[in-house]
Amino acid sequence: IEYDILTTLMRGDGRAISKNELLNTVWGEQYAGDFSVLRVNISRLRQKIERNPRYPIYIVTVPGRGYCIPLNPP
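Under my numbering, residues 9 to 82 are what the sequence shown spells out, in order.
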């Protein structure tokens with residue numbers, strides 16, 4: 009699941025991927041609107057790849073839009 013999230017975000021080329029798009033791509037339509045499963049898995053992924061998961065620079069939340077991996081993280 010984490011791999012699928014990561015590859016989906018990487019394919020976004022720096023644009024924000026909506027939560028619904030991530031849910032549909034990774035889990036399928038049966039999880040539409042179940043954002044808690046997405047938040048838990050994003051959190052686990054951040055624990056693995058971020059230096060400080062509380063202040064992520066690789067998997068960024070874009071308020072009102074979703075998540076993205078910036079093209080040039082600081």
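Think of the CB as a built atom: it goes at the ideal place given N, C-alpha and C, for glycine as much as any other residue.
Quick caveat, the model's predicted, so the values are computed rather than measured.
Answer with buried or exposed for residue i, where buried requires no fewer than 16 other C-beta atoms within 10 angstroms of its C-beta.
i          : result
residue 54 : buried
residue 70 : exposed
residue 11 : exposed
Given this structure, state the Cα-to-Cα distance separating residue i from residue j, to the nearest angstrom.
i          : j          : result
residue 63 : residue 37 : 30 Å
residue 15 : residue 9  : 10 Å
residue 41 : residue 80 : 30 Å
Is residue i helix, strand or coil by DSSP?
i          : result
residue 66 : coil
residue 50 : helix
residue 57 : helix
For a test of your reading of the model: does the CB of residue i fall under 7 Å from any non-hydrogen atom of the ligand GTP? Yes or no.
i          : result
residue 36 : Judged by which ligands are present, the structure shown has none, so any question about the ligand GTP falls away.
In terms of residue numbering, what span does the beta strand (DSSP E) encompassing residue i cover?
i          : result
residue 75 : 74 to 76
Just checking: is the beta-carbon of residue i within a distance shorter than 8 Å of some beta-carbon in chain B?
i          : result
residue 50 : The displayed structure is made up of one protein chain only, and chain B is not part of it.
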